[in-house]
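Residues 8 to 205 (the numbering used here) make up the sequence shown, in order.
Note that CB positions come from ideal geometry on N, CA and C, so glycine has one too.
What you are looking at is a predicted structure, and each value in this text was computed from that prediction instead of being measured.
Scroll down for the structure; my scribbles are underneath it.
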Amino acid sequence: MEWSFFVSVAIFALVMTGTPGPNNVMLTSSGANFGYRRSIPHFLGIGLGLISLIVLNGVGLGVVFHTYPLMQEILKWAGSAYLLYLAWRIVRAGLSVNLEEEVAKPMTCFEAMMFQFLNPKAWMMSVTAVSSFAAQGSGYGVSIVAICVVFLLIQIQTSSLWVGFGTLIRRWLSTPRSWKVFNSSMGALTASCVVFIW
């Protein structure tokens with residue numbers, strides 16, 4: 008594989024994982040509510056979920072969506088419902104952090120990984136990555152592995168920046184009211200991602 012392959016995949020991964028979306032809104036909220044260290048499992052789970060989707064699309068799962076459009080519809084409904092649940096969880100975090108700290112918990116690695124299977128942006132990324140960058144013929148398997156590695160390396164950096172942004176915001180959130188406003192805003196942004204699904 009040539010350097011142009013890696014550069015192209017890296018630029019695509021940077022744009023896809025670095026721009027606002029459900030994952031990055033939730034990472035910012037997690038950084039603000041729980042700090043950087045406690046948010047690490049969250050962004051590692053996102054990476055594991057993304058590479059799982061890339062591998063699944065690489066072995067042909069994308070064909071299922073073309074063959075059975077109902078599967079896409081089910082994914083949209085399930086993804087929308089889960090996003091609304093996560094938005095509610097983010098809004099509630101503002102109350103938990105300040106009043107009942109032991110109740111509030113960051114998203115686990117497994118939860119973040121599983122969320123990717125309901126995240127339409129993650130599906131779009133993985134389908135596009137495989138269809139655009141996978142090599143033909145005998146190099147196909149190696150190219151899928153290379154795409155996964157590049158995506159994971161880029162995603163860890165971009166997710167880390169979003170969590171870091173959240174930890175910076177945390178410094179300005181000094182009152183229960185400011186926490187409530189922040190988490191309500193982040194919850195609303197997460198819920199608004201449902202609009203883009205439909």
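With fewer than 16 neighbouring CB atoms inside 10 Å of its own CB, Ser145 falls in the exposed class. Rounded to whole angstroms, the Cβ separation of Ile151 and Val137 is 7 Å, and the two are in contact under 8 Å. At a Cβ-Cβ threshold of 7 Å, Gln162 and Thr26 do not count as neighbours. Close CB contacts of Val62 within its chain, under the 7 Å cut and outside five residues either way in sequence, are with Ile151, Cys155 (chain order).
Scanning the region 22-93 from its first residue to its last, no whole beta strand (DSSP E) run of 3-plus residues comes out.
Counting C-beta atoms within 10 angstroms of its own C-beta, Met120 has 16 or more neighbours from the protein chains shown and is therefore classed as buried. Put simply, the backbone Cα of Val32 is about 15 Å away from that of Val22.
Within the model, the alpha-carbon separation for Gly56 versus Asn30 is close to 11 Å.
Rounded to whole angstroms, Met78 and Arg178 show a C-alpha spacing of 43 Å. With a threshold of 16 other beta carbon atoms within 10 Å, Ser199 falls short and is exposed. Look at the beta carbons and you see the region 86-99 not touching the region 163-176: under three pairs across the two are nearer than 8 Å.
The closest CA to that of Leu91, considering only Phe122, Ser139, Thr35, is found on Phe122. In the structure shown, Glu118 falls within a helical segment according to DSSP collapsed to helix, strand and coil.
With fewer than 16 other Cβ atoms inside 10 Å of its own Cβ, Ile18 counts as exposed. For Ser150, the uninterrupted alpha helix (DSSP H) run begins and ends at 147-177, by DSSP. Non-local beta-carbon contacts of Val16 in its own chain, meaning distances under 6 Å to residues more than five positions away in sequence, involve Phe140, Ile154, Val157 in chain order.
For Met132, the closest C-alpha among the options Met193, Glu80, Leu159 is that of Leu159.
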